[in-house]
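One structure is given here, and the rest of the page talks about it.
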Amino acid sequence: MTTLPLILEPSELALHLNDPNLLIIDLSKPETYQQGHIPGAINVDPTRLLAGTPPIANKLPSTEQLSTLFSELGLTSKSQVVLYDDQMGPWAGRMIWTLDIVGHHQASFLNGHLKAWVNNGGKLETTANQPTAVEFSASADFSLVADLEDIFQNLKTPERVIWDARSKQEFRGEKRINATKAGHIPGAKHLEWTDTLISTDDWRLKEPQALRQLLESKGILPEKEVITHCQTHRRSGLTYVVAKSLGYPHIRCYDGSWFEWGNHPDTPVESSVG
(Lines of atoms letter the chains of each structure in order from A; the text may use other names.)
(Lines give C-alpha, C1' and ligand atoms only; values in the text may rest on other atoms or scores of the structure.)
Protein backbone atom coordinates (compact mmCIF):
# COMPACT_ATOMS: atom_id res chain seq x y z
CA MET A 463 0.00 0.00 0.00
CA THR A 464 1.00 3.62 -0.44
CA THR A 465 2.59 5.05 2.69
CA LEU A 466 -0.05 7.10 4.46
CA PRO A 467 0.67 10.64 5.68
CA LEU A 468 1.56 11.36 9.29
CA ILE A 469 -1.65 13.35 9.76
CA LEU A 470 -4.31 11.12 8.27
CA GLU A 471 -7.80 12.32 7.40
CA PRO A 472 -10.71 9.89 7.95
CA SER A 473 -11.65 10.05 4.27
CA GLU A 474 -8.21 8.75 3.28
CA LEU A 475 -8.26 6.02 5.92
CA ALA A 476 -11.59 4.82 4.51
CA LEU A 477 -9.92 4.21 1.14
CA HIS A 478 -7.37 1.84 2.71
CA LEU A 479 -9.51 0.11 5.33
CA ASN A 480 -9.21 -3.33 3.73
CA ASP A 481 -5.47 -3.25 3.15
CA PRO A 482 -3.87 -6.34 4.74
CA ASN A 483 -0.90 -4.32 6.04
CA LEU A 484 -3.07 -1.80 7.89
CA LEU A 485 -2.73 -1.97 11.68
CA ILE A 486 -5.26 0.29 13.40
CA ILE A 487 -4.60 0.80 17.10
CA ASP A 488 -7.32 2.20 19.35
CA LEU A 489 -5.80 3.56 22.56
CA SER A 490 -9.16 4.35 24.14
CA LYS A 491 -10.55 3.00 27.38
CA PRO A 492 -11.90 -0.57 27.02
CA GLU A 493 -15.48 0.55 27.59
CA THR A 494 -15.16 3.18 24.86
CA TYR A 495 -13.73 0.57 22.49
CA GLN A 496 -16.56 -1.83 23.29
CA GLN A 497 -19.17 0.80 22.47
CA GLY A 498 -17.83 1.07 18.93
CA HIS A 499 -14.54 1.37 17.08
CA ILE A 500 -13.16 1.58 13.56
CA PRO A 501 -13.50 -1.80 11.83
CA GLY A 502 -10.39 -3.89 12.40
CA ALA A 503 -9.04 -1.70 15.20
CA ILE A 504 -7.17 -3.36 18.06
CA ASN A 505 -7.60 -2.00 21.57
CA VAL A 506 -4.31 -1.40 23.39
CA ASP A 507 -3.90 -0.31 27.00
CA PRO A 508 -1.98 2.98 26.64
CA THR A 509 -0.19 2.50 29.95
CA ARG A 510 1.93 -0.08 28.14
CA LEU A 511 3.70 2.93 26.63
CA LEU A 512 5.06 3.67 30.12
CA ALA A 513 7.90 1.83 31.83
CA GLY A 514 5.72 1.43 34.92
CA THR A 515 8.70 1.13 37.26
CA PRO A 516 9.68 3.58 40.02
CA PRO A 517 10.94 6.13 40.63
CA ILE A 518 9.82 7.63 37.28
CA ALA A 519 7.15 5.24 36.01
CA ASN A 520 6.25 7.42 33.01
CA LYS A 521 9.57 6.94 31.22
CA LEU A 522 10.05 4.97 28.01
CA PRO A 523 9.60 1.21 28.52
CA SER A 524 12.63 -1.06 28.26
CA THR A 525 13.49 -2.63 24.91
CA GLU A 526 12.26 -5.93 26.38
CA GLN A 527 8.88 -4.39 27.20
CA LEU A 528 8.66 -2.82 23.75
CA SER A 529 9.62 -6.08 22.06
CA THR A 530 6.82 -7.85 23.91
CA LEU A 531 4.26 -5.16 23.09
CA PHE A 532 5.00 -4.94 19.39
CA SER A 533 5.32 -8.71 19.04
CA GLU A 534 1.83 -9.08 20.52
CA LEU A 535 0.51 -6.40 18.15
CA GLY A 536 1.91 -8.19 15.12
CA LEU A 537 4.08 -5.27 14.03
CA THR A 538 6.21 -5.97 10.95
CA SER A 539 8.22 -3.80 8.58
CA LYS A 540 5.20 -3.78 6.24
CA SER A 541 2.73 -2.54 8.85
CA GLN A 542 1.07 0.80 8.21
CA VAL A 543 0.01 1.81 11.71
CA VAL A 544 -2.92 4.17 12.29
CA LEU A 545 -3.52 5.54 15.78
CA TYR A 546 -6.31 7.25 17.65
CA ASP A 547 -7.42 7.67 21.26
CA ASP A 548 -10.22 9.12 23.39
CA GLN A 549 -8.06 11.76 25.11
CA MET A 550 -7.70 14.33 22.28
CA GLY A 551 -4.43 12.87 21.01
CA PRO A 552 -1.76 12.46 23.72
CA TRP A 553 -1.66 8.67 23.72
CA ALA A 554 -1.72 8.41 19.93
CA GLY A 555 1.13 10.91 19.81
CA ARG A 556 3.15 9.06 22.42
CA MET A 557 2.73 5.84 20.45
CA ILE A 558 4.06 7.53 17.30
CA TRP A 559 7.08 8.76 19.27
CA THR A 560 7.60 5.24 20.60
CA LEU A 561 7.35 3.73 17.12
CA ASP A 562 9.87 6.28 15.85
CA ILE A 563 12.24 5.20 18.62
CA VAL A 564 12.07 1.55 17.56
CA GLY A 565 12.57 2.56 13.92
CA HIS A 566 9.04 2.07 12.60
CA HIS A 567 8.15 5.31 10.82
CA GLN A 568 5.07 4.15 8.91
CA ALA A 569 2.63 5.51 11.46
CA SER A 570 -0.28 7.89 11.07
CA PHE A 571 -2.25 10.03 13.51
CA LEU A 572 -5.98 9.95 12.73
CA ASN A 573 -6.97 13.60 12.63
CA GLY A 574 -10.00 14.14 14.87
CA HIS A 575 -9.98 10.56 16.16
CA LEU A 576 -13.17 8.46 16.32
CA LYS A 577 -15.53 11.44 16.32
CA ALA A 578 -14.12 12.70 13.03
CA TRP A 579 -14.35 9.19 11.56
CA VAL A 580 -18.06 9.01 12.44
CA ASN A 581 -18.71 12.57 11.23
CA ASN A 582 -17.14 11.58 7.91
CA GLY A 583 -19.64 8.73 7.55
CA GLY A 584 -17.34 6.00 8.83
CA LYS A 585 -18.92 2.83 10.16
CA LEU A 586 -18.22 1.34 13.57
CA GLU A 587 -18.09 -2.21 14.85
CA THR A 588 -18.30 -3.63 18.37
CA THR A 589 -16.48 -6.92 17.77
CA ALA A 590 -13.18 -7.08 19.64
CA ASN A 591 -10.29 -7.71 17.27
CA GLN A 592 -7.23 -9.75 18.18
CA PRO A 593 -3.86 -9.27 16.48
CA THR A 594 -1.76 -12.05 15.02
CA ALA A 595 1.44 -12.13 17.05
CA VAL A 596 4.88 -12.07 15.44
CA GLU A 597 8.45 -11.97 16.69
CA PHE A 598 9.54 -8.33 17.02
CA SER A 599 12.93 -7.46 18.48
CA ALA A 600 13.07 -3.80 19.48
CA SER A 601 16.15 -1.62 19.40
CA ALA A 602 15.90 1.96 20.58
CA ASP A 603 17.04 5.22 19.01
CA PHE A 604 17.63 7.27 22.13
CA SER A 605 18.39 10.42 20.12
CA LEU A 606 14.63 11.09 20.32
CA VAL A 607 14.75 11.02 24.13
CA ALA A 608 16.01 13.87 26.30
CA ASP A 609 17.03 13.21 29.88
CA LEU A 610 17.33 15.36 32.98
CA GLU A 611 21.11 15.59 32.96
CA ASP A 612 21.25 16.70 29.33
CA ILE A 613 18.63 19.39 29.90
CA PHE A 614 20.27 20.56 33.13
CA GLN A 615 23.68 20.91 31.47
CA ASN A 616 22.30 22.82 28.48
CA LEU A 617 19.82 25.23 30.06
CA LYS A 618 21.58 28.21 28.48
CA THR A 619 22.29 26.64 25.10
CA PRO A 620 20.83 29.16 22.59
CA GLU A 621 20.28 26.54 19.89
CA ARG A 622 17.79 24.70 22.11
CA VAL A 623 14.25 25.47 23.21
CA ILE A 624 12.14 23.64 25.80
CA TRP A 625 8.45 23.41 24.85
CA ASP A 626 6.32 23.06 27.98
CA ALA A 627 2.93 21.69 26.88
CA ARG A 628 1.21 21.83 30.28
CA SER A 629 -1.53 24.22 31.32
CA LYS A 630 -0.79 27.88 31.97
CA GLN A 631 -1.49 27.33 35.67
CA GLU A 632 1.08 24.54 35.88
CA PHE A 633 3.65 26.53 33.93
CA ARG A 634 3.22 29.63 36.09
CA GLY A 635 3.46 27.60 39.29
CA GLU A 636 -0.13 28.22 40.33
CA LYS A 637 -0.95 24.51 40.13
CA ARG A 638 1.27 21.68 41.31
CA ILE A 639 0.60 18.06 40.35
CA ASN A 640 2.47 15.17 41.99
CA ALA A 641 5.62 17.23 42.48
CA THR A 642 7.42 18.95 45.33
CA LYS A 643 8.10 22.02 43.16
CA ALA A 644 5.82 24.19 41.04
CA GLY A 645 6.74 26.25 38.01
CA HIS A 646 8.76 25.42 34.92
CA ILE A 647 12.21 24.61 33.61
CA PRO A 648 14.19 27.89 33.36
CA GLY A 649 13.84 29.47 29.94
CA ALA A 650 11.10 27.11 28.77
CA LYS A 651 8.51 28.34 26.27
CA HIS A 652 4.87 27.70 27.03
CA LEU A 653 2.30 26.52 24.50
CA GLU A 654 -0.48 24.40 25.94
CA TRP A 655 -1.08 21.20 24.01
CA THR A 656 -4.81 21.88 23.50
CA ASP A 657 -3.98 25.14 21.72
CA THR A 658 -2.84 23.05 18.74
CA LEU A 659 -6.39 21.69 18.33
CA ILE A 660 -9.30 23.43 16.64
CA SER A 661 -11.08 23.24 20.00
CA THR A 662 -11.59 20.88 22.92
CA ASP A 663 -14.82 19.80 21.20
CA ASP A 664 -13.28 19.45 17.74
CA TRP A 665 -10.15 17.36 18.21
CA ARG A 666 -8.74 17.96 14.74
CA LEU A 667 -5.43 19.77 14.54
CA LYS A 668 -5.35 23.34 13.34
CA GLU A 669 -4.21 23.89 9.77
CA PRO A 670 -0.42 23.61 9.26
CA GLN A 671 0.09 27.29 8.48
CA ALA A 672 -1.80 28.31 11.62
CA LEU A 673 0.22 25.84 13.70
CA ARG A 674 3.48 27.06 12.23
CA GLN A 675 2.63 30.67 13.06
CA LEU A 676 1.48 29.68 16.55
CA LEU A 677 4.69 27.83 17.38
CA GLU A 678 6.92 30.54 15.98
CA SER A 679 5.01 33.22 17.91
CA LYS A 680 5.97 31.38 21.09
CA GLY A 681 9.63 31.12 20.12
CA ILE A 682 9.40 27.43 19.21
CA LEU A 683 11.37 27.65 15.99
CA PRO A 684 12.18 24.93 13.44
CA GLU A 685 15.86 25.82 13.31
CA LYS A 686 16.18 25.07 17.04
CA GLU A 687 16.54 21.74 18.77
CA VAL A 688 13.10 21.43 20.38
CA ILE A 689 12.51 19.35 23.50
CA THR A 690 8.88 18.99 24.51
CA HIS A 691 7.48 17.78 27.83
CA CYS A 692 4.47 17.97 30.12
CA GLN A 693 3.82 16.28 33.48
CA THR A 694 4.34 12.64 32.44
CA HIS A 695 4.97 12.90 28.67
CA ARG A 696 1.42 12.15 27.63
CA ARG A 697 0.20 15.58 26.56
CA SER A 698 3.59 16.20 24.96
CA GLY A 699 2.99 13.12 22.83
CA LEU A 700 0.62 15.31 20.84
CA THR A 701 3.04 18.21 20.64
CA TYR A 702 5.72 15.84 19.34
CA VAL A 703 3.41 14.88 16.47
CA VAL A 704 2.59 18.53 15.78
CA ALA A 705 6.26 19.51 15.49
CA LYS A 706 7.03 16.43 13.41
CA SER A 707 4.11 17.16 11.06
CA LEU A 708 5.46 20.68 10.49
CA GLY A 709 8.85 19.30 9.49
CA TYR A 710 10.76 20.30 12.61
CA PRO A 711 13.99 18.33 12.09
CA HIS A 712 15.22 18.27 15.68
CA ILE A 713 12.26 17.39 17.91
CA ARG A 714 12.83 15.29 21.03
CA CYS A 715 10.80 14.42 24.11
CA TYR A 716 11.72 14.58 27.77
CA ASP A 717 9.89 11.51 29.03
CA GLY A 718 10.76 12.16 32.68
CA SER A 719 8.86 15.45 32.29
CA TRP A 720 7.77 17.51 35.29
CA PHE A 721 7.19 14.42 37.42
CA GLU A 722 10.96 13.95 37.39
CA TRP A 723 12.14 17.58 37.18
CA GLY A 724 9.67 18.86 39.77
CA ASN A 725 10.63 16.19 42.30
CA HIS A 726 14.40 16.28 41.90
CA PRO A 727 16.17 18.07 44.78
CA ASP A 728 18.75 19.82 42.59
CA THR A 729 16.79 21.08 39.60
CA PRO A 730 16.27 24.84 39.15
CA VAL A 731 12.73 26.14 38.67
CA GLU A 732 11.21 29.39 37.44
CA SER A 733 7.79 30.50 38.59
CA SER A 734 5.43 33.43 38.22
CA VAL A 735 4.18 32.91 41.77
CA GLY A 736 6.04 34.53 44.62
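When we follow my numbering, the leftmost residue of the sequence shown carries the number 463, and every step to the right adds one.
A virtual CB, placed ideally from N, CA and C, is assigned to each residue, including glycine.
Between the CA atoms of residue j and residue i - distance to the nearest angstrom
{"i": "Ser490", "j": "Gln527", "result": "20 Å"}
{"i": "Asn581", "j": "Pro711", "result": "33 Å"}
{"i": "Ala519", "j": "Glu722", "result": "10 Å"}
{"i": "Ser605", "j": "Arg714", "result": "7 Å"}
{"i": "Ala672", "j": "Pro482", "result": "35 Å"}
{"i": "Leu700", "j": "Gln631", "result": "19 Å"}
{"i": "His499", "j": "Glu534", "result": "20 Å"}
{"i": "Gln693", "j": "Ser719", "result": "5 Å"}
{"i": "Ile486", "j": "Ala503", "result": "5 Å"}
{"i": "Ser524", "j": "Ala513", "result": "7 Å"}
{"i": "Gly736", "j": "Arg634", "result": "Summary for Gly736: the model assigns pLDDT 47, below 50, so the residue's position carries little reliability, and this model does not support an answer."}
{"i": "Pro670", "j": "Lys540", "result": "28 Å"}
{"i": "Ser607", "j": "Ala578", "result": "A small correction: the amino acid at residue 607 is Val; Ser does not occupy that position in the sequence shown. Between Val607 and Ala578, the C-alpha separation is close to 31 Å."}
{"i": "Lys651", "j": "Ser698", "result": "13 Å"}
{"i": "Pro730", "j": "Pro648", "result": "7 Å"}
{"i": "Ala641", "j": "Val596", "result": "40 Å"}
{"i": "Leu511", "j": "Leu522", "result": "7 Å"}
{"i": "Gly565", "j": "Pro552", "result": "20 Å"}
{"i": "Thr515", "j": "Glu587", "result": "35 Å"}
{"i": "Lys706", "j": "His726", "result": "29 Å"}
{"i": "Val543", "j": "Ala554", "result": "11 Å"}
Boundaries of the beta strand (DSSP E) in which residue i is found, first to last residue
{"i": "Ala569", "result": "Ala569 to Leu572"}
{"i": "Val544", "result": "Gln542 to Tyr546"}
{"i": "Ile713", "result": "Ile713 to Tyr716"}
Residues bridged to residue i [DSSP beta-bridge criterion]
{"i": "Ala705", "result": "Looking at the DSSP assignment, Ala705 forms no beta bridge with any residue, so it has no partner."}
{"i": "Trp625", "result": "Lys651 and Thr690"}
{"i": "Ile504", "result": "Ile487"}
{"i": "Ala608", "result": "Tyr716"}
{"i": "Ile469", "result": "Phe571"}
Boundaries (first-last residue) of the alpha helix (DSSP H) holding residue i
{"i": "Trp559", "result": "Pro552 to Ile563"}
{"i": "Glu534", "result": "Thr525 to Glu534"}
{"i": "His710", "result": "The amino acid occupying residue 710 in the given sequence is Tyr; His does not appear at that position. Note, Tyr710: premise wrong, no alpha helix (DSSP H); not H, not E."}
{"i": "Ala641", "result": "Here Ala641 belongs to no alpha helix (DSSP H), and DSSP marks it neither H nor E."}
{"i": "Leu677", "result": "Pro670 to Ser679"}
{"i": "Ala476", "result": "Pro472 to Leu477"}
{"i": "Val580", "result": "His575 to Asn581"}
{"i": "Pro517", "result": "Neither: Pro517 is in no alpha helix (DSSP H) and is coded neither H nor E."}
{"i": "Lys630", "result": "Lys630 to Arg634"}
{"i": "Gln497", "result": "Pro492 to Gln497"}
Status (buried if at least 16 other CB within 10 Å, exposed otherwise) for residue i
{"i": "Phe532", "result": "buried"}
{"i": "Glu611", "result": "exposed"}
{"i": "Asp547", "result": "buried"}
{"i": "Gly645", "result": "buried"}
{"i": "Asp562", "result": "buried"}
{"i": "Thr465", "result": "exposed"}
{"i": "Thr690", "result": "buried"}
{"i": "Pro467", "result": "exposed"}
Problem set entry | At least 3 beta-carbon pairs within less than 8 Å: the region 566-579 vs the region 654-665 | yes
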